[in-house]
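Peer 1: Encoded as structure tokens, here's the structure I'll be asking about.
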Amino acid sequence: MGDAEIIPIGTRGRPGRGTGTRPSSAARGLAPGARRSPSGTGGTGADGGTGGDHDVPPAPRSADGPQDPRPDPTSGTAADPGSPAHVADGPGADSSPAGRPATTTAERHPLGGVPVGDWLAAFRHGAAEVFGDQWEPQLARFLAFWRRRITGDYAVDDFGFDQELTERFLLASLRPLAQKWFRLELRGAHHVPATGGALIVSNHSGTIPVDGLMSMVAIHDRTGRHVRALAADLVFTLPGVSSLARKAGATLACHEDAERMLRGGELVGVWPEGFKGIGKPYADRYKLQRFGRGGFVSAALRTGVPIIPLSVVGAEEIYPLVGNIPALARLLGVPYIPITPFFPWLGPLGMVPLPSKWLLELGEPIRTDEHEPGAADDPMLVFDVTDQVRETIQQTLYTLLMERESIFG
Amino acid sequence: MAETDTGRVVLVTGVSRDLARRCGRALAEDPGVRRVIGVDVAPPTGDVGAMSFVRADVRSPVIAKVVAAEDVDTVVHLGVIATPGGAGGRSTMKEHNVLGTMQLLAACQRSPQVRRLVVKSTTTVYGSSSRDPAMFTEDMEPRRVPRSGYAKDVVEIEGYVRGFARRRPDCTVTTLRCANVVGPHVRSPFTSYLRLPVVPRVAGFDPRLQVLHEDDLQAAVVHAVARALPGTFNVAGAGVLPLSQVLRRLRRPSVPMPAMAVGRLGSLTDQVRISDFSPELLALLTHGRGVDTTAMRDVLGFEPRWTSATTVADFATTLSPTGGHLERVLGSLSDRLPPVPPSPRPARPALAAVAPTAAGGEGRG
Chain A
1 MGDAEIIPIG
11 TRGRPGRGTG
21 TRPSSAARGL
31 APGARRSPSG
41 TGGTGADGGT
51 GGDHDVPPAP
61 RSADGPQDPR
71 PDPTSGTAAD
81 PGSPAHVADG
91 PGADSSPAGR
101 PATTTAERHP
111 LGGVPVGDWL
121 AAFRHGAAEV
131 FGDQWEPQLA
141 RFLAFWRRRI
151 TGDYAVDDFG
161 FDQELTERFL
171 LASLRPLAQK
181 WFRLELRGAH
191 HVPATGGALI
201 VSNHSGTIPV
211 DGLMSMVAIH
221 DRTGRHVRAL
231 AADLVFTLPG
241 VSSLARKAGA
251 TLACHEDAER
261 MLRGGELVGV
271 WPEGFKGIGK
281 PYADRYKLQR
291 FGRGGFVSAA
301 LRTGVPIIPL
311 SVVGAEEIYP
321 LVGNIPALAR
331 LLGVPYIPIT
341 PFFPWLGPLG
351 MVPLPSKWLL
361 ELGEPIRTDE
371 HEPGAADDPM
381 LVFDVTDQVR
391 ETIQQTLYTL
401 LMERESIFG
Chain B
410 MAETDTGRVV
420 LVTGVSRDLA
430 RRCGRALAED
440 PGVRRVIGVD
450 VAPPTGDVGA
460 MSFVRADVRS
470 PVIAKVVAAE
480 DVDTVVHLGV
490 IATPGGAGGR
500 STMKEHNVLG
510 TMQLLAACQR
520 SPQVRRLVVK
530 STTTVYGSSS
540 RDPAMFTEDM
550 EPRRVPRSGY
560 AKDVVEIEGY
570 VRGFARRRPD
580 CTVTTLRCAN
590 VVGPHVRSPF
600 TSYLRLPVVP
610 RVAGFDPRLQ
620 VLHEDDLQAA
630 VVHAVARALP
640 GTFNVAGAGV
650 LPLSQVLRRL
660 RRPSVPMPAM
670 AVGRLGSLTD
680 QVRISDFSPE
690 LLALLTHGRG
700 VDTTAMRDVL
710 GFEPRWTSAT
720 TVADFATTLS
730 PTGGHLERVL
740 GSLSDRLPPV
750 PPSPRPARPA
760 LAAVAPTAAG
770 GEGRG
């Protein structure tokens, strides 16, 4: 019983732990076949080695082919549960620790000695698992996509919008977040015209502009149209964010770009509250901030496109903003440094948004093509329309909040 | 149309450079042009065709004598240089650009025969910043006024040209703001950047680029000389390409690095004369630029033959690819698979014959 209770760790029961072929004498003393020389031929051990397949001298490992390294881990783990007889039970398992040469470091590589056939089988299995039964054409299509991407064989529009990348990568990666995490519910999708320009005006909240991304996903999935966001210039100064935003179809929030997009018949999204809305404290949730200078209204008036109000409930709770570090924010040139109950205290974990329930409602479109041509230069009209849009969104927000049972419901 | 019965006499500046020389040659072949006189301090390095060359410095009053003696009625100013190149340092370049233009305009103003002036400017005057609109039209001002280098020179030159247009209302002044000229023969900071075997990129930014083919530059100049249409026009190929896409199409591997490191590297490569990273180029490679060419099409009536994409494709034919290894690996992989059903795009039909056997072989493996 005494020598059978050795539980092999690390070297899978074989003596020695260094690089050499010759284990230390202490290690040899610990091994079951202690009396033998480690490089001795198999089958002569006292532990039994009478099994036919073990009479072969184990010298060239590569000659042993596929079978050689595989049983090794299984015998090691099988011996683990503590059946003492198992270690001595050499002939049953086709390799006993005693009958093998000392392990070298080369053999300890996790991928060492896995035969090519196994690799191919694993690959085919994996491919069938990921792409289904029709994995070959699926994989070919996937490769063709990647090939097209890396040879630059795709088109972007004047604003840098990469439709293929947005649909197949950006929206696809945001979709689970929208559907599973925030359980997005979009109402009034029929208000979005099937073609032609329209301006979606939304409230803004949530410390980082997740609401914009979620609106883009939701509206694209329901109407098939891409929301082209008008983003603050901070977005285009940040490395990484800048190139992604352009590829996702965003452009700078200036009247030139807004009008160019609307004239081009795009569905444009704007968040007129800007940083005032997104960075407002949690106590002020669902209170609409000032709607900029109404530039979005004059852009819509000039191009004669309808304004569609969008009210988003749920984004306020994802990162409840309880504090700010204005000095640091000024130093870094950002509008605010958010402090939430979890950030920065929990580090990266604090960046996980809370799974609030989101309700999005698109309102009745406000027509702008009924005004006379010079209407965009009439400040009073612009203010009136701005207030109308703002009031609509605020009222819809209150209705949606009444309807929502709980924040996470 | 023509002022004289026998056609126009055109003076072209800056012909020691390749682009201007080619423009001069193309002008000389134009039937409405009687004579083309190329002017520069250094002789042109290639074939000048029917153009005659006069060695004169635009920075000196000699140019006025040339204008008067040759009865020049059309002046094409292509002598604004983006790089000091062989000319010397930055101060020489500035002198050449700004003082040369002033001298030339003074000569034009003095000569009553001059009726047309065509100036090749550049879209660099719009600058590049994060606050730029996606597409600049001709009436937009740069968001950040360039304070140094080539861009500043061009802003000043355009100012002098506008002043000349005011003082000589009888003279038709056409300013062509050309996008970055790209083509097999073009040697500019931008093309030598693209010719680098491994291209440094500003990390985290993918600028939108719009380019103009060298043939279209020639055609635009000839067009502007033939039609006398006053005004400023953006001249660029249709469409924009992000830098990443340009590099992929050129099969050029790229290394993203912080903007400062790209600038540092630029000054290093500048010293060994591989490539020259001016601040304007660095800004362009960070924020990109797009220009609206509606006026070029509708008012000037010029339609470039090359789009930005085909220009890059043409440029790629003269480059030996240094990258594209991943593409070849993927290509060989997809050769082993059955042909793609033509759902997203018609796939390579040539592979149809080979594919089944190859796939079968792998399947057995």
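Line order of the protein sequences matches chains A and B. Numbering of the first sequence is given in the working numbering, commencing with residue 1 and proceeding in unit increments. Numbering of the second sequence is given in the working numbering, commencing with residue 410 and proceeding in unit increments. Where a beta carbon is used, it is the ideal one built from N, C-alpha and C, also for glycine.
What are the residues in the stretch 594-618 of chain B lying within 8 angstroms of chain A by C-beta distance?
Peer 2: V611, A612, G613, F614, D615 and R617
Peer 1: Measuring straight from C-alpha to C-alpha, what distance separates V608(B) and R148(A)?
Peer 2: It is roughly 21 angstroms from the alpha-carbon of V608(B) to the alpha-carbon of R148(A).
Peer 1: I need the straight-line Cα distance from D701(B) to A543(B), nearest angstrom please.
Peer 2: Spanning the two alpha carbons is a distance of roughly 9 angstroms.
Peer 1: Assuming contact is defined by CB atoms lying nearer than 8 angstroms, are G363(A) and I308(A) in contact in what I supplied?
Peer 2: yes
Peer 1: When burial is assigned at 16 or more other CB atoms within 10 Å of the CB, is H190(A) buried or exposed?
Peer 2: exposed
Peer 1: Going straight from the alpha carbon of L487(B) to that of L739(B), what length do you get?
Peer 2: 46 angstroms
Peer 1: Cβ of M402(A) less than 8 angstroms from any chain B Cβ?
Peer 2: At a cut-off of 8 angstroms between C-beta atoms, M402(A) does not count as an interface residue with respect to chain B.
Peer 1: Exposed or buried, which one is S539(B) when buried takes at least 16 other CB atoms within 10 Å?
Peer 2: buried
Peer 1: Mind checking who A198(A) pairs with in its DSSP beta bridge?
Peer 2: L267(A)
Peer 1: Check whether the stretch 352-371 of chain A and the stretch 383-398 of chain A touch, using three or more Cβ-Cβ pairs below 8 angstroms as the test.
Peer 2: yes
Peer 1: Straight-line CA distance for P73(A) to G126(A)?
Peer 2: Low confidence applies here, because P73(A) scores a pLDDT of 43, under 50, leaving its location unreliable and the question unanswered by this model.
Peer 1: Do the stretch 653-663 of chain B and the stretch 709-724 of chain B make contact, defined as three or more Cβ pairs closer than 8 angstroms?
Peer 2: yes
Peer 1: With the cut-off set at 8 angstroms, would you say L360(A) and L184(A) are in Cβ contact?
Peer 2: Their beta carbons are under 8 angstroms apart, which means L360(A) touches L184(A) by this criterion.
Peer 1: Taking CB distances under 8 angstroms as the criterion, tell me whether P542(B) reaches chain A.
Peer 2: yes
Peer 1: Whose C-beta lies closer than 7 angstroms to the C-beta of P353(A) among residues of the same chain, with five residues either side of it excluded?
Peer 2: V210, I318 and Y319
Peer 1: According to DSSP, is V382(A) part of a helix, a strand, or is it coil?
Peer 2: Correct three-state label for V382(A): helix.
Peer 1: Take E565(B) and list the residues in its own chain whose beta-carbon comes closer than 7 angstroms to its own, dropping the five residues that flank it on each side.
Peer 2: Sequence-distant partners of E565(B) (beyond 5 residues in either direction) whose C-beta falls short of 7 angstroms from its own C-beta, in its chain, are V507.
Peer 1: Taking 8 angstroms as the CB-CB cut-off, is S215(A) touching chain B?
Peer 2: Interface annotation, S215(A): not in contact with chain B, CB-CB separation never under 8 angstroms.
Peer 1: Flag V649(B) as yes if its beta-carbon sits less than 8 angstroms from any beta-carbon of chain A, otherwise no.
Peer 2: Interface residue, yes.
Peer 1: For A26(A), count the other beta carbons within 10 Å of its own beta carbon; 16 or more makes it buried, fewer makes it exposed. Which is it?
Peer 2: Exposed, since its Cβ has fewer than 16 Cβ neighbours within 10 Å.
Peer 1: Exposed or buried, A172(A), counting other C-beta atoms within 10 Å across all chains shown (16 or more means buried)?
Peer 2: exposed
Peer 1: Could you check how far apart the C-beta atoms of E259(A) and R285(A) are, in whole angstroms? I think they sit under 8 angstroms.
Peer 2: Their Cβ separation, rounded to whole angstroms, is 33 angstroms, which puts E259(A) and R285(A) out of contact at 8 angstroms.
Peer 1: Tell me the rounded alpha-carbon separation between V570(B) and T600(B).
Peer 2: Straight-line measurement puts the Cα of T600(B) at about 28 angstroms from the Cα of V570(B).
Peer 1: DSSP puts S311(A) in a beta bridge; with which residues?
Peer 2: Looking at the DSSP assignment, S311(A) forms a beta bridge with E361(A).
Peer 1: Do you know offhand how far T583(B)'s Cα is from V527(B)'s?
Peer 2: 5 angstroms
Peer 1: What does DSSP give as the partner residue(s) for V528(B) in the beta ladder?
Peer 2: V528(B) pairs with H486(B) and T584(B).
Peer 1: Do V457(B) and D482(B) have their CB atoms nearer than 8 angstroms?
Peer 2: no
Peer 1: Could you tell me the distance, in whole angstroms, from the CA atom of P412(A) to the CA atom of P616(B)?
Peer 2: With chain A running from 1 to 409 in the structure shown, residue 412(A) is simply not present.
Peer 1: Can you check whether the CB of E504(B) is closer than 8 angstroms to the CB of S829(B)?
Peer 2: Absent from the structure is residue 829(B), since the part of chain B shown begins at 410 and ends at 774.
Peer 1: Does E550(B) come within less than 8 angstroms of chain A when only Cβ atoms are used?
Peer 2: no
Peer 1: So, is the C-beta of G740(B) closer than 8 angstroms to a C-beta in chain A?
Peer 2: yes
Peer 1: Taking 8 angstroms as the cut-off, decide whether the C-beta atoms of A375(A) and L267(A) are in contact.
Peer 2: no
Peer 1: Whole angstroms is fine: what's the gap from G188(A)'s alpha carbon to A329(A)'s?
Peer 2: If I take the Cα positions, the gap works out to 38 angstroms.
Peer 1: Nearest to F462(B) by CA position, among F545(B), G447(B), L603(B) and V471(B), is which residue?
Peer 2: G447(B)
Peer 1: Helix, strand or coil for I446(B) per DSSP?
Peer 2: strand
Peer 1: Pull up the distance between the alpha-carbon of S406(A) and that of L332(A), whole angstroms please.
Peer 2: 37 angstroms
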